[in-house]
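Mind the numbering: the sequence shown is residues 152 to 903 in this note's numbering, read in order. In this text, a Cβ means the ideal position worked out from N, Cα and C, and glycines have one as well.
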Amino acid sequence: MTARTAIRTCPLCEATCGLVLTMDGDRVLRTAGDEHDVFSMGFMCPKGATLGELHHDPDWHRRPLIRHRGRLVPASWDEAFELAGHLVRGVIERGGPTAMAAYFGNPISHNLGGLLYAPVYLKALGSPRLFTASSLDQRPKDLVNALLYGDRFTLAVPDLDRTDFLVVIGANPVESNGSLATAPGWPRRLRAIRERGGRLVVVDPVRTRTAELADEHVRPRVASDAALLASMVTVLFDEGLVRLGRLGEFVTGVENVRRALADLTPERVADFTGVPAASVRDLTRRFAAAERSCVYGRIGTTATEFGTVTSWLVDVLNILTGNLDREGGAMFPLPACGSPNTRGRPRLGPPPRLDRFASRVRGLPERFGELPTSCLAEEIDTPGEGQLRGLLLISGNPVVSAPNSERTARALASLDALVAVDPYVNDSTRFAHVVLPPPGPLQRSHYDVHFTTWAVRNVANYSPAVLDLDPGQLQEWQIMCRLAAAVEGRGASEADIDRRHAEATARAAVSAGQTVDDLLAAVAPRVGPERLLDLMIRSGPYGDAFGGRPDGLTLAALEAQPHGVDLGPLRPRLPEVLRTPTGTVALDPPLVVDDLPRLRAALTSRAREGLVLVGRRHVRSNNSWMGNVPSLMTGRPRATLWLSPADAARLGVHTGDAVAVATRVSTVHASAEVTERVPAGVVSLPHGWLHDPDGVRLATARVRPGVNSNRLADELVLDVPSGNAVLNGLQVQVTALRADEHEQPINPLTLM
C-alpha cells in the first residue's frame with residue numbers, strides 16, 4: 152500500500168506536541184515531531200514516538216468484557232450494556248442513587264469524547280458522589296484558584312518564553328513534560344531563559360534533571376515548601392519589596408497577609424526548612440528585583456500535608472511582586488474553546504461551590520462536587536446507611552493511584568456493580584463486572600479542551616481520527632451515551648442522550664437574537680464531540696459568533712490548519728478574568744489563612760526520625776497508564792528505591808540489594824539504587840507502578856511490574872483545606888533484606 156502522512160496532536164500527556172505519522176494502511180511506520188506545529192515546533196518526547204505501538208497493543212481490548220462465572224469474557228455491546236444497566240439499577244433500587252458513584256482518572260482529560268460526555272452518565276445516575284484523580288494531584292491548586300480568582304480553572308501559568316527569573320518549586324518538568332502549565336519542549340524553553348540572560352532557580356530536595364539545568368538548586372527539607380515560601384513573603388514585607396503596581400486597584404487583603412505570616416521569618420523556619428536564612432533573603436531580593444519574575448510549583452507542592460497553603464503562597468509571591476498578569480510573570484491563558492472566565496459577567500461571580508455535602512464515614516467536605524479519593528475505599532467497605540455499593544470507573548486505576556492500594560483493591564472487589572470504561576484489564580478493572588473498551592488513540596479525534604486552558608501560549612489544534620473504527624467498535628462518547636441510556640431505562644436512546652447534551656451546550660452558548668435551534672442548525676450535520684466543540688469554539692473568545700464575526704474561528708477553520716492556529720502570546724487579562732463576589736482578588740481567604748496554625752505547630756512538633764519518602768517521574772512513563780508499551784519499558788530498571796550514600800552505608804545496602812520500605816498501611820520490597828540525587832534522610836520511589844496481581848492482563852507491565860510508592864501512602868493523612876492525598880513526605884522505615892525474603896525476583900539488569 153502507498154504510504155501516507157497524518158498530522159496529529161499527541162494525546163499522551165499535557166505537553167500537546169504535534170506529531171507527523173507516516174502510515175502504511177493502519178500501521179505506523181514512523182513518528183516524528185511536527186516542525187510546523189505552531190506550539191511544539193518539532194519537539195517530541197519518547198512517549199509520542201510510541202503512539203502507534205500503543206494503538207496496536209494486543210492487550211488493548213476491542214470488544215466488551217463481562218463477568219461470567221468469576222471471569223471476564225468477551226461479549227457483545229448489547230449484552231454488556233444490558234448487564235451494566237441491570238447491575239447499576241439494582242444498586243440504586245436497593246440503596247438509592249447515592250449507593251452509586253463514579254471515579255474519573257487522568258486519561259479522561261486527554262480524551263475529547265470522554266471529557267465532554269462523562270457528564271451525561273453523571274446526570275443519568277443522579278448521585279452526587281464523584282471521585283477523581285484531581286484529589287490525588289492538583290486539588291490544592293484548584294481550591295486556591297477558586298478562592299482567589301473565582302473558578303478552579305482560572306490558573307495563572309508561567310509566561311516561560313518571556314520571563315527573566317523563574318523559580319521552579321516541587322516540579323520536574325524536564326521529565327514530566329510539565330503539569331498545569333502546558334508547554335511542549337520544557338527543556339529548550341528552560342535553557343532559553345538562561346540563554347537570554349535570565350535565571351532559573353529550582354527548589355527541590357532531589358537533584359532532578361530539571362535541577363541540573365538550573366543556575367541555582369536550593370535543596371530544602373521534604374514537605375517544607377510552605378514554610379520556605381512564607382518566609383520569602385515576610386522578607387518582601389520586612390524589606391519594603393512589595394510592589395503591587397497595577398494590581399493594587401483590584402487586590403485586597405494585603406495587610407491581613409502581612410499579619411498572618413509576620414512571625415514566619417527565614418530565621419524562625421530555617422531549622423525546619425534546612426535553608427539558611429541569609430540564602431532565603433538573598434533569593435527573595437533577587438526575585439523581587441528582576442524585571443519579570445515568576446514562581447511555578449507542581450505536585451511536589453500539592454500532594455503534601457500543606458498543599459493548599461503552599462499553592463496559595465506561590466500566587467501570593469507572584470502578586471506581591473507585581474508579577475501576576477504581566478509579561479514574563481504568571482499570566483492567564485485565553486483558550487479558543489472558552490472557559491468559565493470567558494463567560495458571564497466579567498469580574499463578578501458567585502462564591503466557589505464548596506462544603507455542600509460531605510463523605511459518609513469521615514465527614515470530609517466536597518470540593519467542586521467531588522469527594523476526596525482518599526475516602527473512596529472506606530465509603531465502600533464501611534457498613535451502614537449510605538454505603539457505596541456500585542462504581543463507574545472511567546479511565547481510572549485507583550488501586551495504583553490512590554493511597555493504601557491494598558485496602559482500595561479489597562474494596563473494589565467487594566462491590567455489587569463495577570462498570571469500567573477502559574481498554575485494559577488492569578489492577579482496578581480486573582474486579583469489574585463489565586468492561587467497555589474505547590477505541591485506540593488513532594481512531595478518535597483530539598482537541599485539548601483542558602490543556603489549552605493552561606497553555607503558556609494561546610493556540611488551537613484539532614486532529615481528526617487517523618484510522619476508522621473497526622467493525623462493531625464504538626467511540627467513547629457513544630459508550631457514555633449508551634451507558635447513560637442503560638442506566639436511565641424507560642426507553643432512552645443514545646440519540647436522545649446526545650441531543651439533550653448538545654442542547655445544554657448550545658443553551659450555554661446562546662447570545663442575544665439566537666436560539667438553541669439556531670446554533671444546532673449552524674453546526675449541523677456534526678454530532679458527538681465535534682458538534683459540542685464547534686459550539687464551544689464558535690461562541691468562544693476568538694469564534695465567529697455563528698456568523699457575527701465572519702473572520703472568527705470555527706472547527707472547520709481548525710480542520711483546514713492541521714499544524715494548528717497560533718492565537719498569540721499570553722496577554723494581560725485582569726480584572727476581566729475574575730469571577731469573584733467582590734470583583735477583586737481577596738488575598739486572605741479564611742479557608743487558607745485558618746490553616747496556618749497547623750503549619751506553625753509542625754515547625755516545632757514534627758519528628759525527624761527515620762527516612763522521608765518522595766515520589767518521582769520519568770519521561771518514559773505517565774502515571775499508571777503507559778507501562779504496557781514495550782519500547783518505553785526497555786533499558787535500565789526505573790522502579791528502584793533511591794537512597795543517599797550516607798543512608799545506604801548506615802543500612803548496609805548496596806545498589807541492587809533488596810530492601811523493605813514500610814509505613815503504617817503497607818510494606819513494599821524494592822531494589823536499592825544508591826545515588827547522590829537524594830540527600831541524606833530522603834528516599835524516592837516512582838509512583839504508578841504495580842501491575843503484577845492475579846487477573847491483570849498487561850503482558851509487558853507484568854514482566855516489569857516495579858514498585859508503587861502510593862501503596863505506602865496513608866489514606867487518613869490529607870491536606871486539610873482541600874482533602875488532597877498526601878503522597879510526598881511520607882515517614883518510612885527502610886531495612887535490608889536477604890534475597891530469599893524478597894517478595895518478587897530482583898530485576899537482573901545491572902543498574903548503572
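Just to confirm the assignment, what range does the alpha helix (DSSP H) spanning residue i have?
i, result
"methionine 687", "679-689"
"histidine 206", "202-206"
"glycine 349", "Counting along the chain, glycine 349 falls outside any alpha helix (DSSP H), and DSSP gives it neither H nor E."
"leucine 216", "Here leucine 216 belongs to no alpha helix (DSSP H); instead the beta strand (DSSP E) covers 216-219."
"proline 324", "324-327"
"threonine 333", "Note, threonine 333: premise wrong, no alpha helix (DSSP H); not H, not E."
"arginine 651", "645-660"
What does a CB cutoff of less than 6 Å around residue i pick up in its chain, not counting 5 residues either side in sequence?
i, result
"leucine 412", "Ala381, Val384, Thr385"
"histidine 212", "Pro574, Pro588"
"glycine 719", "Asn609"
"leucine 543", "Ala253, Val570"
"alanine 657", "Val667, Leu670, Leu671, Leu686"
"threonine 735", "Phe401, Thr403"
"histidine 206", "Gly591, Pro592, Leu593"
"proline 162", "His261, Pro592, His597"
"leucine 471", "Leu387, Val393"
"glutamine 884", "Gly761, Ala813"
"proline 615", "Ser596"
"aspartate 177", "Leu618"
Between residue i and residue j, is the Cβ-Cβ spacing less than 9 Å?
i, j, result
"valine 804", "valine 812", "no"
"valine 369", "tyrosine 447", "no"
"alanine 421", "threonine 361", "no"
"arginine 123", "glycine 537", "The structure shown has nothing for residue 123, since the chain only spans 152 to 903."
"asparagine 861", "glycine 766", "yes"
"arginine 436", "glutamate 367", "no"
"leucine 499", "threonine 731", "yes"
"serine 835", "leucine 764", "yes"
"arginine 749", "arginine 771", "no"
"methionine 482", "arginine 722", "yes"
"glycine 256", "arginine 581", "no"
"leucine 959", "glycine 301", "Nothing can be reported for residue 959, as the shown portion of the chain is limited to 152 through 903."
"threonine 604", "proline 680", "no"
"proline 837", "glycine 857", "yes"
"alanine 487", "proline 692", "yes"
"glycine 473", "threonine 314", "no"
What residue does the beta strand (DSSP E) around residue i start on, and which one ends it?
i, result
"isoleucine 320", "316-320"
"valine 833", "833-835"
"arginine 155", "155-160"
"asparagine 905", "As shown, the chain starts at 152 and ends at 903. That puts residue 905 outside it, with no answer to give."
"glutamate 824", "818-825"
"valine 586", "585-587"
"arginine 178", "178-184"
"valine 610", "608-611"
"glycine 169", "169-175"
"histidine 368", "367-369"
"phenylalanine 282", "281-283"
Starting from the C-beta of residue i, find all residues in its chain whose C-beta is less than 8 Å away, skip the five residues before and the five after it, and write them out in chain order.
i, result
"threonine 705", "Asp685, Ile688, Arg689, Gly694, Asp695"
"proline 701", "Asp695"
"glycine 246", "Gly537, Gln538, Arg540"
"glutamate 645", "Gln629, Cys632, Arg633, Ala636"
"glutamate 654", "Val667, Leu671"
Is there a C-beta anywhere in chain C that falls below 9 Å from the one on residue i?
i, result
"aspartate 208", "This model lacks chain C altogether; it includes just one protein chain."
By Cβ distance, which residues of its chain are closer than 7 Å to residue i, with the 5 residues on each side in sequence left out?
i, result
"tryptophan 337", "Pro324, Val325, Asn328, Gly329"
"arginine 677", "Asp685"
> Taking one C-beta from the stretch 328-346 and one from the stretch 500-508 each time, how about it: are there three or more such pairs within less than 8 Å?
Replying inline: no
> Can at least three beta-carbon pairs, one atom from the stretch 821-828 and one from the stretch 742-756, be found at a separation below 8 Å?
Replying inline: no
> Given 8 Å as the limit, is there contact between the stretch 426-438 and the stretch 296-312, that is, 3 or more CB pairs closer than that?
Replying inline: no
>> To test your reading of the DSSP string, which unbroken alpha helix (DSSP H) runs of 4 or more residues are found completely within the stretch 731-807?
In response: 741-744, 747-756, 796-802
> Taking the runs of the beta strand (DSSP E) that are 3 residues or longer, which of them lie wholly in the stretch 459-491?
Replying inline: none
> For the 8 Å Cβ check, are there 3 or more pairs between the stretch 607-622 and the stretch 189-201?
Replying inline: yes
> Is there contact between the stretch 275-286 and the stretch 239-257, where contact requires at least three CB pairs shorter than 8 Å?
Replying inline: yes
> Is the stretch 871-886 in contact with the stretch 519-536, if contact means three or more CB pairs nearer than 8 Å?
Replying inline: yes
> Taking one C-beta from the stretch 153-172 and one from the stretch 195-205 each time, how about it: are there three or more such pairs within less than 8 Å?
Replying inline: yes
> Does the pairing of the stretch 644-660 with the stretch 280-300 give three or more beta-carbon distances under 8 Å?
Replying inline: no
>> Which runs of the beta strand (DSSP E) at least 3 residues long sit entirely within the stretch 496-564? Give them in chain order.
In response: 505-509, 516-518, 541-545
> Taking three-plus beta-carbon pairs below 8 Å as touching, is the stretch 846-858 in contact with the stretch 776-785?
Replying inline: yes
>> Which runs of the alpha helix (DSSP H) at least 4 residues long sit entirely within the stretch 390-459? Give them in chain order.
In response: 405-412, 417-424, 428-440, 450-453
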